[in-house]
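Chains as they are written, first to last, in the working numbering: chain A, 1 to 414; chain B, 415 to 680.
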């Protein structure tokens, strides 16, 4: 753990020491823009009709040539530092600025009447796009690896069988903890199940209403109104669960029916999370239902089917792969949710069937194991990474499954 | 059910009027799409609607089974009588009307279901079969009538979308006749098909005339001449001329009809 922390600090220093070079690169790009424009005009003798590429295209080429290589270099250097534990030095700064200057100079020199700056710029743009996607992919890989290392550390200190098979979760910071994942996974799945059982029918019915029945005016009001739900921060949902839904469920359901006296419960968190998920299900399903060709509906209506028969037997089956995809994406969200659970369901790991009892989830325990004074060598802390990796594998599995379903059935309504 | 259906048929003769439209006006919002159309469509006859694009022939066809109801801005005035009963009467349920007046569309639009379920869709909705055996029988009969049985009998559980374009269109025809309609409306049923599939569907239309009144909209004048006994020529929302197909194509009365069939306008 120390190793990682140290290189994090190194990374910080590098990032700090990179502020100046970045500013310099930016300045060079701006200068390059105007220089390239005027040089192109000058080469053309004031008449741009003689140029193969327009001055603005030369300018674009110059800007990209100045910016792209040093950016790529910065990215590679950061990776290098991360992997080799090396320290950032003035040498790297020089390399970065050197690349910028070289790019600027070369592209300025190459401005001639017949030079094809449009095609060159095209290459730089391709480079920029590849660079951007590389960052996205490398980040995922980086996350997985950082989790993997710490998970290995954890399993070096704690038996994996106890972790996966023990039904008891009672961490003890003086040692001898029971760190079984089962109660946490149970809580996660139970809460997610309730959330989906609430969100899927409501979201789907809302989507069907919006796409099949609502007039354009109703739709233009209702759709954004539902989507507002997606913009509410989860902590606000958590507060809603804590002060409104929890006490309500306790006073009107749990206590009269003798299910318990706890305001924080699986039901509270599940219902509130369900509300949060409605726009995910409805918005995606709405788009998918709209994509079902009108010819399908006409065909069914033309046979004397009613509107709801048409929807039930033709439109929804045709849209099913997409709807399943939407549901699985919502499930991934539910499994990864933390804030609503902390405030709605509490933080007590428990294995129980009673939905009005407090339980907790994997994500909540990750947070609680990593907050406060932590020692990154003890299994009580490292378990967080094992939990995180397990969760990641589950959601990854769900996403892959969702993609598989969507692909498998996509061809069927062409 | 079947018997009643045949008894009905036996009473009607070749020249019976099946559908009679009087003073039909159709508006899309402010656009006057159909202007005062009067037409009598005979039973057990193929009636073709021809005319240039946008002349209103498809719109008029869609009035006959109230498919225009699904378009919000569309307004229909005048009387359309099916067997003497006004189909726009508030008492008439458009859903049941559409079971009696089936429709086949321009582009084959099989449902994303198996071939069997595509054909069984209508009978299931309308409860035409008491048990699975009867349903099987309806499916087989409809597929036979649509000349698809031999090609499809070994793959009834395969998806209908997996068939070729011509087979898909015949599947849609089978689907339409499975609900035992009295009138079959066809909106350019061959425009998405190749010549061979077109010939098969045309042959089929001629056979369907034995059991139904068929109304077909087509862009192809040869097709109208080949398959229909009566032809109506529409132009700019007006019904210009309506007569026996032979007369329309050999000796039209209106100069506009003559210009259209000889290729001068359209």
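Positions of the beta carbon are idealized from the N, C-alpha and C atoms, including for glycine. Here the structure is a predicted model, which means the values were calculated and not measured.
Using a Cβ cut-off of 8 angstroms, which residues of the region 566 to 586 of chain B contact any Cβ in chain A, in chain order?
Here the close residues are 573, 575, 586.
For residue 599 (chain B), report the span of its beta strand (DSSP E) as first-last.
Looking at the DSSP string, the run of the beta strand (DSSP E) that includes residue 599 (chain B) is 597 to 601.
Cα separation between residue 138 (chain A) and residue 63 (chain A)?
Answer to the nearest angstrom: the Cα atoms are 26 angstroms apart.
Between which two residues does the beta strand (DSSP E) holding residue 488 (chain B) run?
Start and end: 488 to 496.
According to DSSP, simplified to helix, strand and coil, what is residue 61 (chain A)?
Correct three-state label for residue 61 (chain A): helix.
Using 8 angstroms as the cut-off, can you tell me whether the region 509 to 516 of chain B makes contact with the region 583 to 594 of chain B, which would need three or more C-beta pairs spanning the two stretches below that distance?
Verdict: yes, contact present.
Does residue 446 (chain B) pass the burial test, meaning 16 or more other C-beta atoms within 10 Å, or should it be called exposed?
Classification for residue 446 (chain B): exposed.
I need the DSSP call for residue 290 (chain A), collapsed to helix, strand or coil.
Three-state result, residue 290 (chain A): helix.
Using the Cβ count rule (16 or more neighbours within 10 Å means buried), how would you classify residue 482 (chain B)?
Answer is buried; the Cβ neighbour count reaches 16.
When the distance is taken between beta carbons, is residue 601 (chain B) closer than 8 angstroms to residue 510 (chain B)?
No, the pair does not count as a contact, with Cβ atoms beyond the cut-off.
So, is the C-beta of residue 535 (chain B) closer than 8 angstroms to a C-beta in chain A?
Residue 535 (chain B) counts as touching chain A.
Give the residues of chain B in contact with residue 295 (chain A), contact being defined as C-beta atoms less than 7 angstroms apart.
The answer, in chain order, is 519, 521, 523.
For a test of the three-state rule: what should DSSP assign to residue 455 (chain B), helix, strand or coil?
Here residue 455 (chain B) sits in strand by DSSP.
Could you check if residue 34 (chain A) is buried or exposed, using at least 16 other CB atoms within 10 Å of its CB as the buried criterion?
Under this definition residue 34 (chain A) is an exposed residue.
For residue 669 (chain B), count the other beta carbons within 10 Å of its own beta carbon; 16 or more makes it buried, fewer makes it exposed. Which is it?
With fewer than 16 other Cβ atoms within 10 Å, it is exposed.
Taking the beta strand (DSSP E) that residue 684 (chain B) falls in, what are its first and last residues?
Coverage of chain B is limited to positions 415 through 680, which leaves residue 684 (chain B) absent and any answer about it impossible.
Mind checking the region 302 to 333 of chain A against chain B and listing, in chain order, the residues whose C-beta falls within less than 8 angstroms of any C-beta there?
Answer set for the region 302 to 333 of chain A: 302, 303, 304, 305, 306, 309, 313, 314, 317, 318.
Assign residue 337 (chain A) to buried or exposed, taking buried as 16 or more other Cβ atoms, counted over all protein chains shown, within 10 Å of its Cβ.
Buried, since its Cβ has 16 or more Cβ neighbours within 10 Å.
Mapping DSSP to helix, strand and coil, what is residue 540 (chain B)?
The answer is helix: DSSP assigns residue 540 (chain B) an H, G or I state.
Which residue spans inside the region 335 to 385 of chain A form an unbroken alpha helix (DSSP H) run of at least 4?
Fully enclosed alpha helix (DSSP H) runs of 4 or longer: 339 to 345, 362 to 370.
Does the distance from the C-beta atom of residue 276 (chain A) to that of residue 244 (chain A) stay below 8 angstroms?
No, Cβ-Cβ distance for residue 276 (chain A) and residue 244 (chain A) is not below 8 angstroms.
Give the secondary structure of residue 652 (chain B) by DSSP, where H, G and I count as helix, E and B as strand, and everything else as coil.
It is a strand residue.
Between residue 572 (chain B) and residue 529 (chain B), is the Cβ-Cβ spacing less than 8 angstroms?
Taking 8 angstroms as the Cβ cut-off, residue 572 (chain B) and residue 529 (chain B) qualify as a contacting pair.
Report all residues from its chain with a CB closer than 8 angstroms to the CB of residue 415 (chain A); omit the five preceding and five following residues, and keep chain order.
One cannot answer for residue 415 (chain A) here, as it falls past the ends of chain A, which runs 1 to 414.
Classify residue 113 (chain A): buried if its beta carbon has 16 or more other beta carbons within 10 angstroms, exposed otherwise.
When all chains shown are included, residue 113 (chain A) counts as exposed.
Cα separation between residue 118 (chain A) and residue 449 (chain B)?
Each residue's alpha carbon lies about 57 angstroms from the other.
Need the endpoints of the alpha helix (DSSP H) that residue 156 (chain A) sits in, please.
Start and end: 117 to 157.
By DSSP's criteria, residue 169 (chain A) is part of a beta bridge. Which residues make up the other side?
Residue 169 (chain A) pairs with A:179.
Helix, strand or coil: how does DSSP classify residue 528 (chain B) here?
It is a strand residue.
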